[in-house]
Amino acid sequence: MTVGLVSLRRSLVLVATLFALVLSFATSAFASTAIERVVSPSGIEVWLVREPAVPLVALDFSFRGGANQDPADKPGVATMISALLDEGAGDLDANTYHERLENKAIELGFEADRDHFSGSVRTLVENTDEAAELLRLALTSPHFDTEAVERIRGQLLSNLRHEAESPSHIASQQWWATAFAGHPYGRPVNGTIESMSAITPDDLRAYTRRVFARDMLKVAIVGNIDAAKASEIVEKIFASLPAKSDLLPVASAQPQGLGRVITVNLDVPQSVVVIGGAGIPRKDPDFMAAFIVNHILGGGVFSSRLYHEVREARGLAYSVYSSLVPLSHAALFMGSTATRADRATQTLDVVEKEIRRLAETGPTEDELAKAKTFLEGSFALRFDTSTKIASQLVAMQLDDLGIDYIERRNTLVEAVTLADVQRVAKRLLDGGLLVTVVGRTPQGLASKNNGG
Amino acid sequence: MYRKPGVTGHCLVGPKLAGPQSSANSRPAGRQPCDTTEGDLALLRRAVFALAATVLAVSASPVRADTVGPNVGHFTLANGLVVVVVPDHRVPVVTHMIWYKVGSADEPPGKSGIAHFLEHLMFKGTAKNPAGRFSQWLATVGGQENAFTSTDYTAFYQRIAAEHLPTVMEFEADRMTGLVLTDDNVLPERDVVLEEWNMRVANSPGARLGEQMTSALYLNHPYHKPVIGWHDEIVKLNRDDALAFYRRFYTPNNAVVVVTGDVTADEVKALAERTYGAVKPRAEVGPRIRPEEPEPSSIRQVTLADPRVGQPSLERSYLAPCYRTAKPGEAEALDVLANILGGGSTSRLYRALVVQQGIATDASAYYSGTALDSTRFGITANPQPNVALPQLEAALDAVLSEVADKGVTAEELARAKTRMVADAVYAEDNQESLARWYGAALTTGSTVDQVLAWPDRIRAVSADAVRDAARKWLQKQRSVTGYLVKEWPKNESPNNSEKHS
Numbered sequence: 019m020t021v022g023l024v025s026l027r028r029s030l031v032l033v034a035t036l037f038a039l040v041l042s043f044a045t046s047a048f049a050s051t052a053i054e055r056v057v058s059p060s061g062i063e064v065w066l067v068r069e070p071a072v073p074l075v076a077l078d079f080s081f082r083g084g085a086n087q088d089p090a091d092k093p094g095v096a097t098m099i100s101a102l103l104d105e106g107a108g109d110l111d112a113n114t115y116h117e118r119l120e121n122k123a124i125e126l127g128f129e130a131d132r133d134h135f136s137g138s139v140r141t142l143v144e145n146t147d148e149a150a151e152l153l154r155l156a157l158t159s160p161h162f163d164t165e166a167v168e169r170i171r172g173q174l175l176s177n178l179r180h181e182a183e184s185p186s187h188i189a190s191q192q193w194w195a196t197a198f199a200g201h202p203y204g205r206p207v208n209g210t211i212e213s214m215s216a217i218t219p220d221d222l223r224a225y226t227r228r229v230f231a232r233d234m235l236k237v238a239i240v241g242n243i244d245a246a247k248a249s250e251i252v253e254k255i256f257a258s259l260p261a262k263s264d265l266l267p268v269a270s271a272q273p274q275g276l277g278r279v280i281t282v283n284l285d286v287p288q289s290v291v292v293i294g295g296a297g298i299p300r301k302d303p304d305f306m307a308a309f310i311v312n313h314i315l316g317g318g319v320f321s322s323r324l325y326h327e328v329r330e331a332r333g334l335a336y337s338v339y340s341s342l343v344p345l346s347h348a349a350l351f352m353g354s355t356a357t358r359a360d361r362a363t364q365t366l367d368v369v370e371k372e373i374r375r376l377a378e379t380g381p382t383e384d385e386l387a388k389a390k391t392f393l394e395g396s397f398a399l400r401f402d403t404s405t406k407i408a409s410q411l412v413a414m415q416l417d418d419l420g421i422d423y424i425e426r427r428n429t430l431v432e433a434v435t436l437a438d439v440q441r442v443a444k445r446l447l448d449g450g451l452l453v454t455v456v457g458r459t460p461q462g463l464a465s466k467n468n469g470g
Numbered sequence: 379m380y381r382k383p384g385v386t387g388h389c390l391v392g393p394k395l396a397g398p399q400s401s402a403n404s405r406p407a408g409r410q411p412c413d414t415t416e417g418d419l420a421l422l423r424r425a426v427f428a429l430a431a432t433v434l435a436v437s438a439s440p441v442r443a444d445t446v447g448p449n450v451g452h453f454t455l456a457n458g459l460v461v462v463v464v465p466d467h468r469v470p471v472v473t474h475m476i477w478y479k480v481g482s483a484d485e486p487p488g489k490s491g492i493a494h495f496l497e498h499l500m501f502k503g504t505a506k507n508p509a510g511r512f513s514q515w516l517a518t519v520g521g522q523e524n525a526f527t528s529t530d531y532t533a534f535y536q537r538i539a540a541e542h543l544p545t546v547m548e549f550e551a552d553r554m555t556g557l558v559l560t561d562d563n564v565l566p567e568r569d570v571v572l573e574e575w576n577m578r579v580a581n582s583p584g585a586r587l588g589e590q591m592t593s594a595l596y597l598n599h600p601y602h603k604p605v606i607g608w609h610d611e612i613v614k615l616n617r618d619d620a621l622a623f624y625r626r627f628y629t630p631n632n633a634v635v636v637v638t639g640d641v642t643a644d645e646v647k648a649l650a651e652r653t654y655g656a657v658k659p660r661a662e663v664g665p666r667i668r669p670e671e672p673e674p675s676s677i678r679q680v681t682l683a684d685p686r687v688g689q690p691s692l693e694r695s696y697l698a699p700c701y702r703t704a705k706p707g708e709a710e711a712l713d714v715l716a717n718i719l720g721g722g723s724t725s726r727l728y729r730a731l732v733v734q735q736g737i738a739t740d741a742s743a744y745y746s747g748t749a750l751d752s753t754r755f756g757i758t759a760n761p762q763p764n765v766a767l768p769q770l771e772a773a774l775d776a777v778l779s780e781v782a783d784k785g786v787t788a789e790e791l792a793r794a795k796t797r798m799v800a801d802a803v804y805a806e807d808n809q810e811s812l813a814r815w816y817g818a819a820l821t822t823g824s825t826v827d828q829v830l831a832w833p834d835r836i837r838a839v840s841a842d843a844v845r846d847a848a849r850k851w852l853q854k855q856r857s858v859t860g861y862l863v864k865e866w867p868k869n870e871s872p873n874n875s876e877k878h879s
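Those protein sequences? They're chains A and B, same order as listed.
Under my numbering, the first residue of the first sequence carries the number 19, and numbering increases by one thereafter.
Under my numbering, the first residue of the second sequence carries the number 379, and numbering increases by one thereafter.
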């Protein structure tokens, strides 16, 4: 099924999107003037945008940590918690908790990625207090009782069995396991059949005690509420959490295995290719130039070089793209495509040739100019809903960009020169790639593996 | 990422799945022209009516008189083009969509996939704007674009800063009749579509089961074909097929333009008259009458085995009326029924099969009311390991029988209505969703006024109507049941079970 494919792409794209969104949040009048920094009595900071035009309140939050805080032998703990927080909390059993949410149509969701444990709430403004209370219970007194743990474990195992059917999921897992062998990033965020079967309620409680703490917390609210109310809400939800987290140290890492091509034989009509190499960190002065380089190579919509060469000119694939993936402890450049087995070698050759060509000769003046106007023009598209804005305000805080980033951002785009992108194209794209291919093993790829 | 029941997979009861969550976010390929997912009907139908509730909620709220809902404008140009405008002035951005009233169910026999293939080819340029110019310009100004095809409609859209709306409308009006196709741009694109078929269908056992179930459900109506087409017919599609289909259906009197965002109806009207208004109708499309589906009269069972299936699943599809064909109140009752049966952790199916009996890992339901002709009510459930699909099916049938026999409780009814109406209020947060909802409604036989009246019709659904809908439409002889398994049943192992390549 395509679930694995979707989740692979989501993992790549969400990260890339995060930055696109933040980068893009430029001169929007409403946003640049309207973000308020509110600090609650116990010191919890929340970024607030007052939006009177819709009757909903969107609250997003994130703790640093995510799956990289899973026990080394039990990947999937953070994912399992994300599915269990609303399955009974405080004095409410699971069914009562869900009824309380549904009776007021409060939408509450949690998610773990490699670096963050995040949550979001959507509620009608008149139900804000009930939503805050239910979120408080979920974060501070989840039950993790046997019935719910076993039920959710069953669902997560079902998801894992389903993912294992998907060539794109296999290609992605193989890439991460190879590039980050021995590092938390090498472990699957959703765990394995073995680890998911072994996680205990004590593992879940140990994780929440270490990770759910105020020093790792970022919060944003968008809706028709004022600063006093925003302060009251975040105080109510988060104040009783511990002040200090107790995170396991995570080493900075570089992707390993660059130059290798790993093939996984699977009897499917279409082969999936995942590529990846070292990227550029979010805080690096070259990040904006790298973002532009990637846009030109494989980030742009119907305009990128990979789109043109792989899809439009040769009809080799339906989907082909590349992204920057700047994680907390590693910076990556990744891409993916899928093509029928007998064209996999040709397709990979075209992709690698385009990457080499861009590394060697860099973007043209025209490409740079168009990429800049794209970045400037697309800003507001990323911020046209309250839900999107809440999510982006959290991302800006996680990236430590500053509350004035929106006003500074266009200047940063403008400052990128042709010399910058030519230098950074080489820096970004000349470092070698680890490639995984899942499908009927094509001729010519196995030998590369030996030479790598 | 983990998703709660009711929001998983192809269960589309929740409007959370509407809009960008369904396409752009889930795949970067969403940037590329095509979206033929099976779920589109359910998704869009739900979305359309979510919008309606939105509008009503807005009107009822005095503080919001200047925002999304109340100012829905619509008009028809002299050449027959229908235009709908939903202003949202929060951000200087607009979403522009053109919906053609043509989909896979309108294809000539033997040409399955041509509607979708033409959707791809619409990006190949015109005499006035050669290949790539429109997309390159959009990329330069920071716009987004895409397109999607369903059984009943084909749509193209752009999201851009409001100042660029006139240019977008000029480009889109130009390609309504000006498309230029050559073998040089048609043939590589057919390979692209075949790779899309590989990705969506060939590589996905679940999608292949879905195709087989759809074909078994529709004996006569062209909904029996996959939107993307049958492989052996896609490979034969050519330039002439595409142009013939284009000339027959792409004409202003067969299209609906929807613009949402930072713009007024008056502004759009002036622009539409100047751009689309200059396009002369080139075909009389006539009423959309397809071969009708006979009254279903047998219990059908479809099994698909694939050695890659790690998680078996059970699917059930019932033939059911759509909003256009249902008697007053019946489609609304089916919507509420889907919500009560399979809309989340408190739903009947989840409580019974997952929580109480522990035989399923997930269970959900959906109703795809946004369709031009008879549509489907669907249920899906994944078994726990060591639970046989017939056992799960029997338990599922028991839940359905109980609803048909005893009806639903007042609490269930109230909760479903609350969620349906409130979810709709959330939906107005997203101009792209709003545009999709109006477009889908107006290309499947609904009017703007019917959309606006929907919340009251949902509020009017009684517990008896929900029970009656279950009795009347969830009869097993109206259905197809699908089993997705790893191995063929022992005594049914076909000799030809090897996978095609």
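Glycine residues also receive a C-beta, built at the ideal position from the N, C-alpha and C atoms.
Residue i at chain B interface by Cβ criterion, 7 Å
i	result
Pro173 (chain A)	For the sequence presented, residue 173 (chain A) should be read as Gln rather than Pro. Yes, because at least one Cβ of chain B sits closer than 7 Å to the Cβ of Gln173 (chain A).
Pro93 (chain A)	no
Thr51 (chain A)	Bear in mind that the predicted position of Thr51 (chain A) carries a pLDDT of just 47, short of 50, making it unreliable; the figure below should be weighed with that in mind. Chain B contact via Cβ: absent.
Pro381 (chain A)	no
Ala123 (chain A)	yes
Pro287 (chain A)	yes
His180 (chain A)	yes
Phe43 (chain A)	In this prediction, Phe43 (chain A) scores a pLDDT of 34, lower than 50, which makes its location untrustworthy; no coordinate-derived value is stated.
Tyr203 (chain A)	no
Gly395 (chain A)	yes
Pro344 (chain A)	no
Residue-chain proximity (residue i, chain A), Cβ-Cβ < 7 Å
i	result
Glu550 (chain B)	no
Asn760 (chain B)	yes
Pro566 (chain B)	yes
Met475 (chain B)	no
Gln522 (chain B)	yes
Ala800 (chain B)	yes
Gln679 (chain B)	no
Arg511 (chain B)	no
Residue i: first and last residue of the uninterrupted beta strand (DSSP E) it sits in
i	result
Asn760 (chain B)	Thr753 to Pro761
Trp65 (chain A)	Glu63 to Arg68
Lys862 (chain B)	It should be noted that the sequence gives Leu, not Lys, for residue 862 (chain B). Ser857 to Val863 is the extent of the beta strand (DSSP E) around Leu862 (chain B).
Thr532 (chain B)	Thr532 to Ala539
For residue i, the residue or residues it bridges with in DSSP
i	result
Pro344 (chain A)	A:Ala349
Ser136 (chain A)	A:Ser80 and A:Glu129
Arg678 (chain B)	B:Val858
Val637 (chain B)	B:Val463 and B:His474
Endpoints, the alpha helix (DSSP H) within which residue i is located
i	result
Ala76 (chain A)	Taken as a continuous stretch (DSSP letters only), Ala76 (chain A) belongs to no alpha helix (DSSP H), being part of the beta strand (DSSP E) at Leu74 to Arg82.
Gln809 (chain B)	Gln809 to Leu820
Leu715 (chain B)	Glu708 to Gly720
Thr114 (chain A)	Ala112 to Asn121
Phe627 (chain B)	Arg617 to Phe627
Leu452 (chain A)	Unbroken run through Leu452 (chain A) is the beta strand (DSSP E), Leu452 to Gly457; no alpha helix (DSSP H).
Leu778 (chain B)	Leu767 to Lys784
Per-residue burial, residue i [other beta carbons within 10 Å of its own, 16 or more giving buried]
i	result
Thr560 (chain B)	exposed
Asp133 (chain A)	buried
Gly61 (chain A)	exposed
Ser675 (chain B)	exposed
Item to check | Inside the region 465-504 of chain B only - alpha helix (DSSP H) runs reaching at least 4 residues | outcome: 492-499
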